[in-house]
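K.L.:
Okay, handing you the structure first.
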Amino acid sequence: MLDIHPEVAAAATEITVEKTPGYFTSALAPERICAMNSSIKLLLILRDPAERVISDYTQVYFNRLENHKPVQAIENLLVRNGALNIRYKAIQRSLYDVHMRNWLRHFPLEQIHIVDGDALIHDPLPELQKVERFLNLTPRIVSSNFYFNQTKGFYCIRSDGRERCLHESKGRPHPAVNSTILQQLRSFLQEHNRTFFRLVKRTFDWQ
């Protein structure tokens, strides 16, 4: 991007941030980013991978509805021929250990900070304070910067007299999933989760 827009520059007191969720699951992104800046600090927000699968489905479901395209029940995507459909893209994107291995080939773990996405939803302040420390920023975020939006059902930001919430596409209600199929999904993900915990040397409260 900087090759296209060379006039874009950060002051000495600023940090440049670029946010693209698809980088984490990209096979090529780690090597390319390392070639661009091997000392870069990386932030990764992760939630319970089973919940991420359902969230992925929900996003696609509503996008298809808005574009008047046919939709399927999540169970029809999660199961093929009576077995869990591990080729389903939402599942593949939720195999955190597979993707993290690729990043750790190019970056030391010390340059990667993982934000607990589930904790961020329910209590954002501690998670964002950890981010401040990781980025060596002067602490500025305080509890008064957040308020719970009863309508949306999650926290929003209050800063400089302005209030900001995530886009309406965020926080959509998830569909109820057949309990047997959901358990199949969770069981399949368990070993991948354990491997991921070993890679990042910490655990998360995922079912």
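Going by full-length UniProt numbering, the first residue of the sequence shown is number 1, and it counts up by one from there. Yeah, the Cβ is synthetic: ideal placement off N, Cα and C, and Gly gets one too. It should be emphasised that the depicted structure is a prediction, and the values quoted were computed from it without experimental measurement.
So, residue 189 versus residue 49, is the Cβ gap smaller than 8 Å?
P.N.:
Here residue 189 corresponds to residue number 189 of the sequence shown, with the count starting at 1. Here residue 49 corresponds to residue number 49 of the sequence shown, with the count starting at 1. Yes, these two residues count as a Cβ contact at 8 Å.
K.L.:
Tell me, please, whether the stretch 50-57 touches the stretch 181-196 by the rule of three or more beta-carbon pairs shorter than 8 Å.
P.N.:
yes
K.L.:
May I ask which residues mark the beginning and end of the beta strand (DSSP E) holding residue 221?
P.N.:
The question about residue 221 has no answer, for the chain in this structure spans 1 to 207.
K.L.:
With 16 as the cutoff for other CB atoms within 10 Å, does residue 179 come out buried or exposed?
P.N.:
Position 179 of the sequence shown, counted from the start, is the residue given in the question as residue 179. Answer is exposed; the Cβ neighbour count stays below 16.
K.L.:
Using alpha carbons as the reference points, say which of 131, 147, 176 lies closest to residue 58.
P.N.:
Locating residue 58 in the sequence shown gives position 58, counting from the first residue. Comparing Cα-Cα distances from residue 58 to each of 131, 147, 176, the minimum goes to 176.
K.L.:
Are the CB atoms of residue 157 and residue 149 within a distance shorter than 8 Å?
P.N.:
Indexing the sequence shown from 1 puts residue 149 at position 149. Indexing the sequence shown from 1 puts residue 157 at position 157. No, these two residues do not count as a Cβ contact at 8 Å.
K.L.:
What's the gap between the Cα of residue 192 and the Cα of residue 31?
P.N.:
Position 192 of the sequence shown, counted from the start, is the residue given in the question as residue 192. Position 31 of the sequence shown, counted from the start, is the residue given in the question as residue 31. About 23 Å.
K.L.:
Name the residue from 173, 147, 154 whose alpha carbon lies nearest to the alpha carbon of residue 161.
P.N.:
What you label residue 161 is simply residue 161 of the sequence shown in a count that begins at 1. With distances taken between Cα atoms, residue 161 lies closest to 147.
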